[in-house]
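Novice: Residue numbers (my numbering): 21 to 341. All residues carry an ideal CB built from backbone N, CA and C; glycine is no exception. On a predicted model such as this, the values are computed, not experimentally measured, just so you know.
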Amino acid sequence: MSKTFKILTIITSIIIMLTACSSKSTSNNKIKIVSSINFYSEVAKNIAQDKAEVVSIIESSNIDPHDFEPSANDAKKVSDANIAIYNGGGYDSWFEKLTNNNNNITKIDAAKLINLNDGDNEHIWYNPQVLKNVAEQLTEELAKKDNANKDFYIKNKEEYIKELNRIEEKISSLKSKSEGKVVLTTEPVFEYAVKQLNLKTTDAIDRLAKATSQGNDPSPKDLKQIQEDIKNHKITFIVNNTQTTNKTVEGIISLANEHKIPILNVSESKPTDKTYIEWMIDQYNALEKILDSGIGEEAYHQENAKESHSHNHDHDHDHNH
21 MSKTFKILTI ITSIIIMLTA CSSKSTSNNK IKIVSSINFY SEVAKNIAQD KAEVVSIIES
81 SNIDPHDFEP SANDAKKVSD ANIAIYNGGG YDSWFEKLTN NNNNITKIDA AKLINLNDGD
141 NEHIWYNPQV LKNVAEQLTE ELAKKDNANK DFYIKNKEEY IKELNRIEEK ISSLKSKSEG
201 KVVLTTEPVF EYAVKQLNLK TTDAIDRLAK ATSQGNDPSP KDLKQIQEDI KNHKITFIVN
261 NTQTTNKTVE GIISLANEHK IPILNVSESK PTDKTYIEWM IDQYNALEKI LDSGIGEEAY
321 HQENAKESHS HNHDHDHDHN H
């Protein structure tokens, strides 16, 4: 009797589990969207709104996507999703691998949407066109999966792109002030913005940024040249990535402070208390103050700043300015 009861209990448990699973899939027909990084999920939330469940694997600005190791729970979020949005270009390759386990998922690779080549700088979100491309592609995919709400998605996309246009408008308003000025970037995260603003770098500066991103020191010759350029005020301002540092960078910042060269602090990850648009506009507003008055910020590094000697981003950027 007891054996029969045990078998019945097991069968009942299995039936309850199966019923729960099927009711989950039938009662909630919302499209599931998963992104690797929080600003891509922000695009999805603006366009899909309450018509989709949107999650981001990385929400915190304290996590470096290069080094991230997804959990079993993260893998499940990706396997359950209908649409995956990620940066691509090798930046979040761990996420791309997770999507390969889901044959039914639609992938939106932001890097492919701008035809990024191997070895190009993968910090593509500093190119204001990138999130627009993602918004366009996502709207197309949502309309395919949920044609009844196609007009809803298109309307939301158009409104969101209008908001994104504020970033390009801000950049355009700065070009007359920034064009031709020499900037030192401590690491390549701001490279797309440098191009948009028609700022100049030097070969020594480009090699320094590349070395920092790869966890290396610049050559003594390049470092000496950069130090001389700072002392002689040949550099207008310095862009400091607050999330990556090393002793060379700290020495450059210290020398810049001594010679009153302004500092613009930028970050690789979006702060959790700001939208993508707020984050970008705030950084360009800080740049405008530098261009208008020559007064920068006090350089700082986040508590979680990576010693660039201790980890390798494997960036291999071509710096052609």
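Just the Cα atoms here: how many angstroms apart are Glu270 and Leu133?
Specialist: Going by the C-alpha atoms only, they are around 36 Å apart.
Novice: According to the Cβ coordinates, are Ala130 and Asn102 closer than 8 Å?
Specialist: Not in contact: Ala130 and Asn102 (Cβ atoms no closer than 8 Å).
Novice: Let me make sure I understand the geometry here. Which of Ser274, Tyr60, Asp70 has the alpha-carbon closest to that of Lys251?
Specialist: Ranking Ser274, Tyr60, Asp70 by Cα distance to Lys251 puts Ser274 first.
Novice: Have a look at Asn135, Glu161, Gly139, Ser81 and flag the residue whose alpha-carbon is nearest the alpha-carbon of Gln149.
Specialist: With distances taken between Cα atoms, Gln149 lies closest to Asn135.
Novice: Please give me, in chain order, every unbroken run of the beta strand (DSSP E) with length at least 3 that falls completely inside the stretch 277 to 320.
Specialist: List check, beta strand (DSSP E) in window: 283 to 286.
Novice: Straight-line CA distance for Tyr180 to Leu243?
Specialist: About 43 Å.
Novice: Considering only the alpha carbon of each residue, which of Asn285, Lys290, Lys177 lies closest to Ala14?
Specialist: This structure cannot settle anything about residue 14, because the visible part of the chain is limited to 21 through 341.
Novice: What is the DSSP secondary structure of Ser55, reduced to helix, strand or coil?
Specialist: Ser55: strand per DSSP, three-state reduction.
Novice: My assumption, with CB atoms under 8 Å, is that Thr256 sits in contact with Val202. Please give the rounded CB distance.
Specialist: Contact holds; Cβ gap of about 6 Å.
Novice: Output the distance between the C-alpha atoms of Ile310 and Val74, rounded to the nearest integer angstrom.
Specialist: Roughly 38 Å between the two C-alpha positions.
Novice: Please state whether DSSP places Thr265 in a helix, a strand or coil.
Specialist: Looking at Thr265 - three-state DSSP - the assignment turns out to be strand.
Novice: Return the chain-ordered list of same chain residues with a C-beta closer than 7 Å to the C-beta of Ala231, the five sequence neighbours on each side being excluded.
Specialist: Excluding positions up to five away in sequence, the list reads Asp237, Pro238.
Novice: Give the range of the beta strand (DSSP E) segment to which Val214 is assigned.
Specialist: No beta strand (DSSP E) holds Val214; the alpha helix (DSSP H) holding it covers 211 to 216.
Novice: Along the chain, which unbroken stretches of the alpha helix (DSSP H) at least 4 residues long are found entirely within the stretch 75 to 121?
Specialist: Here the runs fully enclosed are 92 to 100, 113 to 119.
Novice: Quick one: grab the DSSP three-state call for Leu151.
Specialist: Correct three-state label for Leu151: helix.
Novice: Hey, how far is the Cα of Gly314 from the Cα of Asn123?
Specialist: The straight-line gap from Cα to Cα measures roughly 54 Å.
Novice: Need the endpoints of the beta strand (DSSP E) that Ile128 sits in, please.
Specialist: Note, Ile128: beta strand (DSSP E), 126 to 129.
Novice: Taking only three categories from DSSP, how would you classify Thr205?
Specialist: Reduced to three states, the DSSP call for Thr205 is strand.
Novice: So, does the stretch 162 to 178 touch the stretch 137 to 151, judging by three or more C-beta pairs under 8 Å?
Specialist: Taking 8 Å as the limit for Cβ pairs, the verdict is that the stretch 137 to 151 does not touch the stretch 162 to 178.
Novice: Roughly how many angstroms separate the alpha carbons of Thr46 and Ser113, rounded to a whole number?
Specialist: Per-residue confidence for Thr46 stands at a pLDDT of 33, beneath the threshold of 50, marking its modelled position as unreliable; the derived number appears in the next sentence. Roughly 32 Å separates the two Cα atoms.
Novice: Going by beta carbon distance, what residues of the same chain come within less than 7 Å of Lys97, once the five residues before and after it are set aside?
Specialist: The answer, listed in chain order, is Val54, Val75, Ile77.
Novice: Starting from Lys50, follow the alpha helix (DSSP H) in both directions and report where the run begins and ends.
Specialist: Here Lys50 belongs to no alpha helix (DSSP H), and DSSP marks it neither H nor E.
Novice: Measure the CB-CB distance between Leu158 and Ile125 and report whether it falls below 8 Å.
Specialist: In this structure, Ile125 does not lie closer than 8 Å to Leu158 by Cβ.
Novice: Can the beta-carbon of Lys290 be found closer than 8 Å to that of Asn121?
Specialist: No, these two residues do not count as a Cβ contact at 8 Å.
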